[in-house]
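Residue numbers (mature numbering (1 follows the signal peptide of the UniProt record, and there is no 0)): -34 to -1, 1 to 247.
Here a beta-carbon is modelled for each residue, glycine too, at the ideal position from N, C-alpha and C.
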């Protein structure tokens, strides 16, 4: 059967094929849009992240990025990392090198630290993990690691933190999450956001407490620093529940987890500083 459209005659099969093709193109475009929205969606309906500026980097010193080479040798941004207490000491998450079962996922020799536009190699044998020698799993509160650089970075570190004088329990503590490595669900290369700590859990592994917060996170945001209103580094981001799921903050089911810089982590930092600064014999 032939239908007339003005002067052009179009067969019904041809018209149906055209409609099917248009529907397919629309579906592909919609799917691409959905993936893009999911990729850039914050964890919570409120997203206050913005790009880091030069003034932010002056205030939050030591902000760097861990880069690691893929099996094909191509470097890939992995996570945030921080110079702390000394230009040669880097603090970051243990899960950059171990999975939850403490199996090796990356070698230190395959990674490097970037800060101020320069790259610095690590001393491969300098890795100190927060997990105990007999540990079988990686937990939030021992998800820390310290590495030494092969040469001091030409950048200022964060001061050696003091043990936070924060009570355990529910609260509404304003903080700033600084993410020098950015997030996969944020378009910029780095970000800063004002957000809130809502609870500090009792101490567990390493005498360290977990904080539950509503800061937006995304893959690649591990190791982001949580700073108090005075600009002091108090915690290190570890993980978020329901990653990249856009829901309202929930203290039990949908929150971010960071570990306070206290307990064994703080002691290990102090010992590392003393070791770095002790004169060679």
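On the three-state DSSP scale, how would you describe residue i?
i: residue 92; result: helix
i: residue 97; result: coil
i: residue 107; result: helix
i: residue 213; result: coil
i: residue 164; result: strand
i: residue 61; result: helix
i: residue 17; result: coil
i: residue 172; result: helix
i: residue 133; result: coil
i: residue 205; result: strand
i: residue 119; result: coil
i: residue 55; result: strand
i: residue 126; result: coil
i: residue 256; result: With the chain represented from -34 up to 247, any question about residue 256 goes unanswered, as that position is not in the structure.
i: residue 36; result: coil
i: residue -9; result: Note on residue -9: pLDDT 39, under 50, position unreliable in the model; no value is reported.
i: residue 252; result: With the chain covering only -34 through 247, there is no way to say anything about residue 252.
i: residue 114; result: strand
For residue i versus residue j, is the C-beta spacing smaller than 9 Å?
i: residue 87; j: residue 117; result: yes
i: residue 58; j: residue 47; result: yes
i: residue 143; j: residue 120; result: no
i: residue 180; j: residue 26; result: no
i: residue 156; j: residue 17; result: yes
i: residue 207; j: residue 110; result: no
i: residue 283; j: residue 235; result: Nothing can be reported for residue 283, as the shown portion of the chain is limited to -34 through 247.
i: residue 96; j: residue 44; result: no
i: residue 8; j: residue 185; result: no
i: residue 114; j: residue 92; result: yes
i: residue 67; j: residue 102; result: yes
i: residue 187; j: residue 154; result: no
i: residue 178; j: residue 165; result: yes
i: residue 167; j: residue 134; result: yes
Considering only C-alpha positions, which residue in the set the options is nearest to residue i?
i: residue 228; options: 173, 189, 207 and 185; result: 173
i: residue 63; options: 53, 76, 54 and 49; result: 76
i: residue 83; options: 7, 91 and 32; result: 32
i: residue 127; options: 28, 24 and 37; result: 28
i: residue 204; options: 7, 164, 134 and 176; result: 176
i: residue 14; options: 162, 69, 134 and 125; result: 162
i: residue 335; options: 165, 12 and 55; result: The displayed coordinates of the chain run from -34 to 247. Any statement about residue 335 would go beyond what the structure contains.
i: residue 150; options: 183, 134 and 133; result: 183
i: residue 131; options: 194, 241 and 74; result: 194
i: residue 136; options: 202, 217 and 69; result: 217
i: residue 80; options: 30, 21 and 222; result: 30
i: residue 78; options: 65, 12, 100 and 39; result: 39
i: residue 196; options: 139, 19 and 214; result: 139
i: residue 225; options: 124, 104, 212 and 243; result: 104
i: residue 12; options: 212, 99 and 192; result: 212
Who are residue i's beta bridge partners in DSSP?
i: residue 193; result: 142 and 199
i: residue 85; result: 80
i: residue 159; result: 143
i: residue 7; result: Note: residue 7 sits in no beta bridge, so no partner.
i: residue 30; result: 47
i: residue 73; result: Paired residue(s): none; residue 73 is not in a bridge.
Under DSSP, the beta strand (DSSP E) around residue i begins and ends at which residues?
i: residue 224; result: 222 to 226
i: residue 68; result: No beta strand (DSSP E) holds residue 68; DSSP gives it neither H nor E.
i: residue 179; result: 176 to 179
i: residue 41; result: 41 to 49
Output the boundary residues of the alpha helix (DSSP H) element that contains residue i.
i: residue 241; result: 229 to 243
i: residue 23; result: 20 to 25
For the ligand FAD, is there a heavy atom less than 8 Å away from the beta-carbon of residue i?
i: residue 152; result: This structure lacks the ligand FAD, and indeed carries no ligand of any kind.
Indicate whether at least one CB of chain B lies closer than 9 Å to the CB of residue i.
i: residue 123; result: In summary, chain B is missing from the structure at hand, where a single protein chain is found.
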